[in-house]
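Note that the numbering used here has the sequence shown beginning at 5, numbered continuously upward. Reviewing the structure listed below.
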Amino acid sequence: EIIIVNDGSTDSTFEKMKIFKEKNGTPDVNLTIIDSDAKGLSAGRQIGLGLSKGQWVAITDIDCRPDPYWISELYLVSKGLDDEQVLAVTGRTIFDAGETTISRLRARSIARKYSGRPRLTSLANGPCSMFERAALVSIGGFNPKWYHAEDMEVSLRLLQTGGVIIHTPAAVVHHVAESSLRIFLHKRSRDARAHMRIRRHFGKHGVRKPNGAIHLHDFIADA
């Protein structure tokens with residue numbers, strides 16, 4: 005099933021979505037489009053989660069282009085190893101280099117982050133992740149109050165239940181270039197505020213799991 009949520013856009017997105025459904029809807033694919041007031045990304049994800057019916061729920065963002073097999077690659081590792089309780093699987097987001105100094109710096113910064121990311125991670129990132137639906141519903145899903153870093157917040161709440169989040173670099177989603185200095189600084193400021201909020205809610209260095217172990221936060225240095 006495919007669920008698309010229009011979060012109060014004013015650029016005829018919903019009309020374009022209806023045309024997309026008319027052209028691409030088939031008996032084999034349940035394609036649902038929802039028109040919502042502008043409530044924010046986390047609220048939009050929660051709307052989609054409430055309508056979903058599958059065992060796994062994959063999410064991405066409007067400024068991303070997933071590879072054709074991104075969900076298949078996430079699913080391939082979803083059983084985990086031995087007795088792991090896999091609650092989410094996350095992939096790799098590649099930022100386009102673009103044509104500006106800012107966009108190239110951002111692309112390199114993200115590439116460095118993913119090059120050193122361990123198999124067991126603390127963040128199922130918003131552009132490229134898949135969640136075990138029952139586990140996500142059991143913790144209340146996405147909190148509409150977390151307009152930004154909702155993916156990190158929900159990931160840490162899942163880890164607090166004792167399961168794991170697996171990272172696989174084979175699942176790839178491409179992100180548009182961040183070429184504007186104003187947008188770049190706005191997003192980094194937003195990241196920094198969100199990360200301070202994360203530290204206040206979940207601990208300075210990481211989240212504590214039921215066995216007492218600390219799973220370190222997955223922050224990027226430029227925030």
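Note that CB positions come from ideal geometry on N, CA and C, so glycine has one too.
*Output yes or no for whether 9 Å exceeds the beta carbon distance between residue 54 and residue 11.*
If you number the sequence shown from 1, residue 54 lands on position 50. If you number the sequence shown from 1, residue 11 lands on position 7. Cβ distance not < 9 Å, so residue 54 and residue 11 don't count as in contact.
Problem - Beta-carbon gap between residue 151 and residue 52 smaller than 9 Å - result: Within the sequence shown, the letter at position 147 stands for residue 151. Within the sequence shown, the letter at position 48 stands for residue 52. In this structure, residue 52 does not lie closer than 9 Å to residue 151 by Cβ.
*Whole alpha helix (DSSP H) elements within the segment 50 to 110, 4-residue minimum*: Segments of the alpha helix (DSSP H) lying fully in the segment 50 to 110: 74 to 80.
Nearest to residue 139 (by Cα), restricted to the options 176, 177, 182, 90
What you label residue 139 is simply residue 135 of the sequence shown in a count that begins at 1. Of the listed residues, the one whose Cα sits closest to residue 139 is 90.
Report the partner residues of residue 36 according to the DSSP bridge assignment. Against the sequence shown, residue 36 aligns to sequence position 32. Beta-bridge pairing links residue 36 to 7.
How far does the beta strand (DSSP E) with residue 171 in it reach, from first residue to last? The residue given as residue 171 occupies position 167 in the sequence shown. Per DSSP, residue 171 is one residue of the beta strand (DSSP E) stretching across 168 to 179.
Look at the alpha carbon of residue 132 and the alpha carbon of residue 73, and state the distance between them as a whole number of angstroms. Translated into positions along the sequence shown, residue 132 becomes position 128. Translated into positions along the sequence shown, residue 73 becomes position 69. Rounded to the nearest angstrom, the two C-alpha atoms are 12 Å apart.
- Message: Three or more C-beta pairs under 8 Å: does that hold for the segment 112 to 126 against the segment 91 to 102?
- Response: yes
If we count the other Cβ atoms within 10 Å of its Cβ and call it buried at 16 or more, is residue 160 buried or exposed?
By 1-based counting over the sequence shown, the position of residue 160 is 156. Burial call: buried.
**Item:** residue 143 in three-state terms, based on DSSP
**Value:** Taking the sequence shown and counting its residues from 1, the one referred to as residue 143 is at position 139. Coil.
### Message
Let's see if you can read the secondary structure: which residues bound the beta strand (DSSP E) around residue 157?
### Response
Counted from its first residue, the sequence shown places residue 157 at position 153. Counting along the chain, no beta strand (DSSP E) covers residue 157; the unbroken alpha helix (DSSP H) around it starts and ends at 154 to 163.
Tell me which same chain residues have a C-beta within less than 8 Å of the C-beta of residue 215, skipping the five on either side of it? Numbered from 1 along the sequence shown, position 211 holds the residue referred to as residue 215. Once the five neighbours on either side are set aside, the close Cβ partners of residue 215 are 166.
Taking its Cβ as the centre, do 16 or more other Cβ atoms sit within 10 Å of residue 86, making it buried, or is it exposed? The residue you call residue 86 lines up with position 82 of the sequence shown. Answer is exposed; the Cβ neighbour count stays below 16.
Confirm, please, whether the CB-CB distance from residue 64 to residue 177 is below 9 Å.
Here the question's residue 177 lines up with position 173 in the sequence shown. Here the question's residue 64 lines up with position 60 in the sequence shown. Taking 9 Å as the Cβ cut-off, residue 177 and residue 64 qualify as a contacting pair.
Q) Where do the N-terminal and C-terminal ends of the beta strand (DSSP E) with residue 133 fall, by residue? A) Counting from one through the sequence shown, the residue named residue 133 turns up at place 129. Counting along the chain, the beta strand (DSSP E) containing residue 133 begins and ends at 133 to 136.
For residue 61, which option in 50, 186, 104 has the closest C-alpha, if you only look at C-alpha atoms?
Here the question's residue 61 lines up with position 57 in the sequence shown. With distances taken between Cα atoms, residue 61 lies closest to 50.
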